[in-house]
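Trainee: Its first residue numbered 1, the sequence shown is counted upward by one per residue in the UniProt record's numbering. Sharing a structure, written as structure tokens. Questions coming.
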Amino acid sequence: MTVSAAPAALAARADAQRNRALVLAAAQRAFAERGLAVSLAEVARRAGVGAGTVYRHFPTKSELLEAVMQQRVDRLARLAAARAGAHDPGAAFFEFCADVVSSTPRNQALCEMVQSDDGWPRALMRGAGVRFHRALEALLLAAQRQGAVRSDIVLADVLDVFTGCVAIQRNKPAGSELARAAAILLDALRATPGGSGVTKLRAAPDYRDETGSRNETSTAPGCPICGAELDSPGTGRPRRYCSAACRQKAHRSRAAARVMG
């Protein structure tokens with residue numbers, strides 16, 4: 001009796017695990033598309049199981065949502081942990097951040113959950129959150145050791161940046177590339193090549209025509225306005241003028257020329 005019952009018990013357990021996985025996969029898609037308005041009956045239909053199967057594993061929608069979110073956060077934690085050992089941890093860190101930001105707004109349930117005051121996060125989510133924070137912090141530290149991320153950045157800063165970026169990304173259509181403003185926020189985490197901890201964003205377009213017909217970026221030693229010798233900046237763009245006053249004079253001259261023309 002005991003011998004014959006063992007295979008049956010194992011088969012029943014395997015069926016239960018398979019059904020639970022089907023329910024979770026269907027719930028993930030449904031919550032991502034429609035948010036918290038999805039019913040358990042709709043989840044059961046999508047999973048291809050009876051409503052009783054869903055209720056047996058998850059008596060309430062809140063429990064199902066928590067399990068779905070725990071599964072998602074644990075997946076992110078595994079991705080972060082895997083990238084911590086990458087050959088280029090800096091690139092891995094920023095790729096991971098971009099993935100988190102671009103994928104989160106597609107999950108309406110997650111956005112609604114974190115904005116609610118219904119006792120979240122619960123125990124299951126707290127455990128997944130701890131694992132995610134540990135993995136993200138390890139990836140952050142690896143990127144900082146490489147000199148790719150500002151040395152003064154801590155985990156809380158990254159999470160705050162995520163919050164801002166996700167809020168920005170929600171204004172973009174689902175499946176869109178990372179919003180430019182969100183990319184700028186993520187760039188604020190970058191260190192300079194020298195590792196000074198000062199953010200170096202990509203240079204904004206310069207709409208002023210400071211080149212004109214003159215070759216002001218040439219190797220000529222003098223300021224084009226007063227003729228004073230230009231000091232070499234060492235790094236970065238060559239200086240065009242010897243002072244802010246000369247720069248302003250050049251700007252006024254160009255403005256006057258445009259008016260006269």
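Even glycine gets a Cβ: it sits at the ideal position worked out from N, Cα and C. Note that the coordinates shown come from a computational prediction; the quantities given were computed from them, not determined experimentally.
With distances taken Cα to Cα, identify the nearest neighbour of PRO59 among ARG126, LEU159 and ALA44.
Mentor: Here residue 59 refers to the residue found at position 59 of the sequence shown. Comparing Cα positions, the closest option is ALA44.
Trainee: What separation, rounded to the nearest whole angstrom, lies between the Cα atoms of LEU178 and PRO224?
Mentor: Position 178 of the sequence shown, counted from the first residue, corresponds to residue 178. Position 224 of the sequence shown, counted from the first residue, corresponds to residue 224. Their Cα atoms are separated by approximately 42 Å.
Trainee: For LEU159, is the classification buried or exposed, using 16 other Cβ atoms within 10 angstroms of its Cβ as the cut-off for buried?
Mentor: By 1-based counting over the sequence shown, the position of residue 159 is 159. With fewer than 16 Cβ atoms within 10 Å of its Cβ, LEU159 is classed as exposed.
Trainee: With DSSP collapsed to three states, give me the class of ALA245.
Mentor: Mapped onto the sequence shown, residue 245 falls at position 245. Three-state DSSP puts ALA245 in a helix.
Trainee: Secondary structure at GLY85, three-state DSSP: helix, strand or coil?
Mentor: Numbered from 1 along the sequence shown, position 85 holds the residue referred to as residue 85. Look at GLY85 here: in three-state DSSP terms it is coil, with no helix or strand label.
Trainee: What is the DSSP secondary structure of ARG131, counted as helix, strand or coil?
Mentor: Sequence index remark: in the sequence shown, residue 131 carries index 131 (1-based). Three-state result, ARG131: helix.
Trainee: List the whole-angstrom C-beta distance separating ALA182 from GLN169, where the pair is believed to meet the contact cut-off of C-beta under 8 Å.
Mentor: The sequence position of residue 182 within the sequence shown is 182, counting from 1. The sequence position of residue 169 within the sequence shown is 169, counting from 1. A Cβ-Cβ separation of about 5 Å places ALA182 in contact with GLN169 under the 8 Å criterion.
Trainee: Less than 8 Å separating the beta-carbons of VAL130 and LEU140?
Mentor: Counting from 1 along the sequence shown, the entry for residue 130 is found at position 130. Counting from 1 along the sequence shown, the entry for residue 140 is found at position 140. No.
Trainee: With the cut-off set at 8 Å, would you say PHE162 and LEU76 are in Cβ contact?
Mentor: What you label residue 162 is simply residue 162 of the sequence shown in a count that begins at 1. What you label residue 76 is simply residue 76 of the sequence shown in a count that begins at 1. Not in contact: PHE162 and LEU76 (Cβ atoms no closer than 8 Å).
Trainee: List the DSSP bridge partners of VAL149.
Mentor: Along the sequence shown, read from residue 1 onward, the residue named residue 149 stands at position 149. Note: VAL149 sits in a beta bridge opposite ARG190.
Trainee: Quick one: residues in its chain with C-beta nearer than 7 Å to the C-beta of VAL49, no 5 flanking neighbours on either side, listed in chain order?
Mentor: For the purposes of this step, residue 49 is taken as the residue at position 49 of the sequence shown. Cβ within range, chain order: ASN19, LEU22 and VAL23.
Trainee: Identify which residue in CYS242, LEU185, GLY127 and GLN144 has its Cα closest to the Cα of PHE93.
Mentor: For the purposes of this step, residue 93 is identified with residue 93 of the sequence shown, where counting begins at 1. It is GLN144 whose Cα lies nearest to the Cα of PHE93.
Trainee: For ALA16, which of helix, strand or coil comes out of DSSP?
Mentor: In the sequence shown, the residue the question calls residue 16 occupies position 16. Helix at ALA16.
Trainee: Thinking C-beta only, is ARG46 closer than 8 Å to ARG34?
Mentor: Against the sequence shown, residue 34 aligns to sequence position 34. Against the sequence shown, residue 46 aligns to sequence position 46. Contact: no.
Trainee: Note the first and the last residue of the continuous alpha helix (DSSP H) segment covering PHE162.
Mentor: Taking the first residue of the sequence shown as position 1, residue 162 is located at position 162. Counted as a single uninterrupted DSSP element, the alpha helix (DSSP H) harbouring PHE162 occupies residues 155 to 169.
Trainee: So is GLN17 buried or exposed if we call it buried at 16+ other beta carbons inside 10 Å?
Mentor: The residue given as residue 17 occupies position 17 in the sequence shown. The residue in question, GLN17, is exposed, as its Cβ has fewer than 16 Cβ neighbours within 10 Å.
Trainee: Closest to LEU155 by C-alpha separation, out of PRO173, ALA135 and CYS165, would be which residue?
Mentor: Here residue 155 refers to the residue found at position 155 when the sequence shown is read from its first residue. Comparing Cα-Cα distances from LEU155 to each of PRO173, ALA135 and CYS165, the minimum goes to ALA135.
Trainee: Tell me whether GLU66 is buried or exposed, calling it buried when 16 or more other Cβ atoms sit within 10 Å of its Cβ.
Mentor: Here residue 66 corresponds to residue number 66 of the sequence shown, with the count starting at 1. With 16 or more other Cβ atoms within 10 Å, it is buried.
Trainee: Mind checking which residues open and close the alpha helix (DSSP H) that includes GLY52?
Mentor: Your numbering for residue 52 matches position 52 in the sequence shown. That run of the alpha helix (DSSP H) goes 51 to 57.
Trainee: Shortest alpha-carbon distance to ARG56 belongs to which of PRO89, ALA80, ASP15 and VAL38?
Mentor: As a first step, residue 56 is located in the sequence shown; it is residue number 56 there, counting from the start. Nearest C-alpha to ARG56: ASP15.
Trainee: Given VAL68, which residues of its chain have a CB within under 8 Å of its CB, disregarding the five upstream and five downstream residues?
Mentor: Numbered from its first residue, the sequence shown carries residue 68 at position 68. If we look at VAL68 and ignore the five residues flanking it on each side, its Cβ neighbours are LEU24, ALA27, GLN28, PHE31 and ALA109.
Trainee: For PRO205, count neighbouring Cβ atoms within 10 angstroms of its own Cβ and tell me buried if that reaches 16, exposed if not.
Mentor: Position 205 of the sequence shown holds residue 205. Low local confidence applies: a pLDDT of 39 at PRO205 is under 50, so the model's placement there is unreliable, with the coordinate-based value given in what follows. So PRO205 counts as exposed.
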